[in-house]
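Data first, discussion second: the structure below is written as structure tokens.
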Amino acid sequence: MLKIAKKDLASLFALIKESGELYLPVKVAEQTNFAAYEDGAEFDLDTLKSVKSPKDVFFPQSETLYTCKNEGKTIKITPEELVDQPFVVFGMKACDVGGIEVLDRVFLSDPVDSFYAARRAHGTIVALACHEPEESCFCKVFGIDAAEPVADVATWMIGDELYWKALTEKGEALTEKVSSLLTDADEQVVENEKTAIRAIIEKLPYSDLSLEGWNGDAVAEKFDSKLWNELYKPCLACGTCTFVCPTCQCYDIKDYNTGSSVQRYRCWDSCMYSDFTMMAHGNNRTSQMQRFRQRFMHKLVYFPANNDGTYSCVGCGRCVDKCPASLNIVKVIKAFGEKGE
Amino acid sequence: MCTEHKNENHECTCHTGYTLDTLIPKVGIITDIREETPDVKTFRVNAPEGGKLFEHLPGQCAMICVPGVSEGMFSITSSPTNKEYQEFSIKRCGMLTDHLHTLQVGDPITVRGPYGNNFPVDTVLKGKDLVFVAGGIGLAPLRSVINYVIDNRADYGKVDIVYGSRSADDLVQLKEIRELWMKTEGVNVHLTIDREQEGWTGNVGFVPTYLKELGESGQIEFGVNTISLVCGPPIMIKFVLAALKDMGVSKDKIYTTLELRMKCGVGKCGRCNIGSKYVCKDGPVFRCDEVDELPNEY
Ligand SMILES: Cc1cc2nc3c(=O)[nH]c(=O)nc-3n(C[C@H](O)[C@H](O)[C@H](O)COP(=O)(O)OP(=O)(O)OC[C@H]3O[C@@H](n4cnc5c(N)ncnc54)[C@H](O)[C@@H]3O)c2cc1C
Ligand code: SF4
Ligand code: SF4
Ligand code: FES
């Protein structure tokens, strides 16, 4: 176990930046989100959750895939270059690291998405334990331990110090690079912190949420439930829940005409939008009820069916905090639980 | 520092397993255009240096794109046994397809694929009697199988093809149907159109009704060794399945294709997700008893 004084973090970040890009929570206009760190930027390690999840470090909200240029009677296709420089993401929480593991199952399964894979290969994740989990958090329900994040490096912010422990080869390499700033630390301090965090988690309102009945075999029974007809009603189809979510992966592929060429880019999309499945001869999900149902069925039934029981939700609670209509996955799970459906 | 993926095939040797991403298309050149019907054209596509863009299996699809216009999924209607080119039959019905219909021989498009699964030509279908049932543009995916079967004639039993459209002018691939399919030993073609038309001597009536007549009069036999392959508009498929059921054909002896909105083609963008299946990857070909197990959302 190593540590560094909180007041020296700016030097730590400067040193990390010497060998590549550094992404960390930065406060802009009172909102904290992960962004590339510039010297002097206001980094914010106190806010528990960034507004958007940090998934866009690996799966950007928008990224060019290739560029097409008409050249006489042919088209010149230039694939976008893959990320080929190492970078570090600092301060990801255990739930968001879990979110990346869900995205790995999507993008690293055959056929591998090389754009995502290149970022995963070059990125080192330094996770930060959650000093004080909040009311909307329910990562415990998905077997995630906010007190002990599993990433390349795990860190804990305790008092005026950041405790640091490398967990992988990549983590060791990064630790080596910044070793001049780290000093030996007492493991017991971190053990006490873990105990304190877990005690908070035990008392959170959703920590005892039961996922009983939600699994890959429950397709027909859950799909046909009458509960959806009531549950979806307040939904505005704004898509906020999908954009803030660390595990939502739906995307669109579109054109951007630069004037002299056409860039084909992909960007996040949302299954909550009415045109998501629109076709020339009709739409297979015509109502918001169907679209609402799709989002939750995918997270709690279809995804587990394809991924050894892993849910496509990590209990980060962002949808709980951000939905303008106070809808969220907790409400869905609870409604089914109460009705015994 | 990775510079290797800058080579011509965009292959990268420093990241093991990273090759050209399946989302990056190739350039295809249109080398022939046939006007099949007032709104369907068949496009022949070659690699710029000649030959095929890639190998495929009957039933697989590809994403065709006109950069700056749009991209769409289309069945590869030619058979893999065709060693020279690939063909797509495309119905004009929107932004991309309208534009494709304005293209000329020699024009470039981009193509990525092949995507999806295929009809089980080398396993389940081998040695079986085959009944193909198609409506309109639905012949496109089946034509690939039919020509594959004709080119490997000895491997399959009797073949019946029931094909219908609104009018005689809306039947695609008529030349090939008359000059090849109708002349092949053991292949029977049964054409039908929705309404009477001058000069038409074939059957008049909807595909499901005609299929039932053919079955009940014994012109087509549905035995234990018969597999049916059905493609067409959703409404036709519905009634064809009902007709087959009436004739005692069980669903595990029927194959069909599903058509859903698609973007990536590789089971990642989420668009074609039905239950735990991605139609672009786990489909588009499904056995009908498998379709029944999916949530009713297609
Ligand atoms: C597996 C599969 C195989 C297909 N095979 C053929 C074929 O062989 N011949 C043929 O003519 N058509 C085929 N289609 C349908 C074809 O993809 C659409 O007709 C085409 O994309 C319409 O595009 P558009 O821009 O002209 O229409 P618009 O209505 O302008 O398209 C708007 C958007 O909707 C999407 N879209 C519209 N209709 C469909 C549709 N039916 N399926 C999927 N996406 C759609 C388009 O990609 C586009 O993004 C197939 C579709 C699928 C999914
Ligand atoms: S559930 Fe809430 S956040 Fe999601 S689309 Fe509906 S209104 Fe928007
Ligand atoms: S569904 Fe809600 S709680 Fe679950 S991971 Fe997504 S935003 Fe977080
Ligand atoms: S088209 Fe993207 S998942 Fe099927």
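Residue numbers (the working numbering), protein chains in the order written: chain A, 1 to 341; chain B, 1001 to 1298. Virtual Cβ for every residue (Gly too), placed ideally from N, Cα, C.
Residue range of the unbroken alpha helix (DSSP H) whose run includes residue i
| i | result |
| --- | --- |
| B:ASP1151 | 1139-1151 |
| A:LEU24 | Where A:LEU24 is concerned, there is no enclosing alpha helix (DSSP H), although the beta strand (DSSP E) it sits in stretches over 21-28. |
| B:PHE1239 | 1234-1246 |
| A:ARG105 | 94-107 |
| A:GLN188 | 187-203 |
| A:CYS68 | First-last for A:CYS68: 62-71, but that is the beta strand (DSSP E), not the alpha helix (DSSP H). |
| A:LEU231 | 227-231 |
| B:ARG1044 | Where B:ARG1044 is concerned, there is no enclosing alpha helix (DSSP H), although the beta strand (DSSP E) it sits in stretches over 1040-1046. |
| A:ILE16 | 9-17 |
| B:ASP1098 | 1095-1100 |
| A:ARG318 | 318-322 |
| A:GLY337 | 329-339 |
| B:GLY1215 | 1207-1216 |
Cβ separation of residue i and residue j, assumed to be a contact under 8 Å, to the nearest whole Å
| i | j | result |
| --- | --- | --- |
| B:PHE1239 | B:LEU1258 | Contact flag wrong, Cβ pair sits at about 17 Å. |
| B:TYR1115 | B:VAL1266 | 7 Å |
| A:TYR251 | B:CYS1065 | The pair is not a contact, with the Cβ atoms about 16 Å apart (cut-off 8 Å). |
| A:LEU2 | A:THR183 | 7 Å |
| A:SER53 | A:ARG318 | 7 Å |
| A:ILE253 | A:LYS299 | That belief does not hold up - the Cβ atoms of A:ILE253 and A:LYS299 are roughly 23 Å apart, past 8 Å. |
Contact set between residue i and chain B, taken where Cβ atoms lie within less than 9 Å
| i | result |
| --- | --- |
| A:THR286 | Correct list: empty, because the minimum Cβ distance to chain B is about 10 Å. |
| A:ALA305 | GLY1275, SER1276 |
| A:PHE276 | ARG1261, GLY1270, ARG1271 |
| A:ARG105 | The premise fails here: A:ARG105 is roughly 10 Å from chain B at the closest Cβ pair, so nothing lies under 9 Å. |
| A:ASP252 | LYS1263, CYS1269, ARG1271 |
| A:ARG119 | Correct list: empty, because the minimum Cβ distance to chain B is about 11 Å. |
| A:GLN249 | LYS1268, CYS1269, GLY1270 |
| A:PHE115 | ASP1021, LEU1023 |
| A:CYS267 | Residues of chain B passing the Cβ test: none, with the nearest at roughly 11 Å. |
Limits of the beta strand (DSSP E) - the one that residue i falls within
| i | result |
| --- | --- |
| A:TRP268 | 262-268 |
| B:ILE1303 | What the structure shows of chain B is the stretch from 1001 to 1298, and residue 1303 of chain B is not part of that stretch, so it cannot be assessed. |
| A:LEU167 | Counting along the chain, A:LEU167 falls outside any beta strand (DSSP E), and DSSP gives it neither H nor E. |
| A:GLY123 | 123-128 |
| A:ALA5 | 2-5 |
| A:ASN157 | A small correction: the amino acid at residue 157 of chain A is Met; Asn does not occupy that position in the sequence shown. Per DSSP, A:MET157 belongs to the beta strand (DSSP E) from 153-158. |
| A:LYS299 | First-last for A:LYS299: undefined, no H or E at that position. |
| A:THR32 | 31-36 |
Neighbour list for residue i in chain A, Cβ cutoff strictly below 8 Å
| i | result |
| --- | --- |
| B:GLY1094 | ALA280 |
| B:PRO1295 | VAL219, ALA220, PHE223, MET297 |
| B:PRO1048 | THR74 |
Chain-ordered chain B contacts of residue i [CB-CB under 7 Å]
| i | result |
| --- | --- |
| A:ILE75 | VAL1027, PRO1067, PRO1108, THR1110 |
| A:ASP255 | PRO1067, GLY1068 |
| A:GLN31 | Chain B residues near A:GLN31: none, gap ~27 Å exceeds 7 Å. |
| A:ARG198 | Per Cβ cutoff of 7 Å: no residues; A:ARG198 is ~34 Å from chain B at best. |
| A:VAL102 | Those do not exist, as A:VAL102 stays about 12 Å from chain B at its closest Cβ, beyond 7 Å. |
| A:CYS271 | GLY1270 |
| A:VAL262 | PRO1067, GLY1068 |
| A:PRO60 | Ordered by position in chain B, no residue passes the 7 Å Cβ test against A:PRO60, which lies about 14 Å from the chain. |
Environment of residue i [buried if 16+ CB atoms lie within 10 Å]
| i | result |
| --- | --- |
| B:PRO1234 | exposed |
| B:ARG1195 | exposed |
| A:GLU212 | exposed |
| B:GLN1086 | buried |
| A:ILE16 | buried |
| A:HIS281 | exposed |
| B:GLY1083 | In the sequence on display, residue 1083 of chain B carries Lys and not Gly. By the neighbour-count rule (16 or more Cβ atoms within 10 Å), B:LYS1083 is not buried but exposed. |
| A:GLY72 | exposed |
| A:SER50 | buried |
| B:VAL1224 | exposed |
| A:CYS267 | exposed |
| A:ALA117 | buried |
| A:ALA14 | exposed |
| B:ASN1296 | exposed |
| A:SER62 | exposed |
| A:VAL28 | exposed |
Proximal chain A residues relative to residue i, where beta-carbon distance stays under 9 Å
| i | result |
| --- | --- |
| B:TYR1298 | ASN284 |
Interface partners of residue i on chain A, CB under 7 Å
| i | result |
| --- | --- |
| B:LEU1023 | LEU65 |
Interface residues of chain B facing residue i [CB-CB closer than 8 Å]
| i | result |
| --- | --- |
| A:PHE243 | Under the 8 Å cutoff, chain B gives no residues; its nearest Cβ is about 14 Å from A:PHE243. |
Heavy atom of ligand 5 within 7 Å of residue i beta-carbon
| i | result |
| --- | --- |
| B:GLY1164 | With respect to ligand 5, the structure shown offers nothing to examine, as its ligands consist of ligand 1, ligand 2, ligand 3 and ligand 4. |
Inspect the CB distances between the stretch 143-151 of chain A and the stretch 106-114 of chain A and report whether three or more fall short of 8 Å.
no
Near-chain E residues of the stretch 1266-1284 of chain B (beta-carbon distance less than 7 Å), N- to C-terminal order
Judged by its chain identifiers, the structure shown contains no chain E, and its protein chains are A and B.
Are the stretch 1032-1044 of chain B and the stretch 1098-1108 of chain B in contact at 8 Å, needing three or more beta carbon pairs?
yes
If contact is defined by three or more beta carbon pairs under 8 Å, each pair taking one atom from either stretch, is the stretch 252-268 of chain A in contact with the stretch 1056-1075 of chain B?
yes
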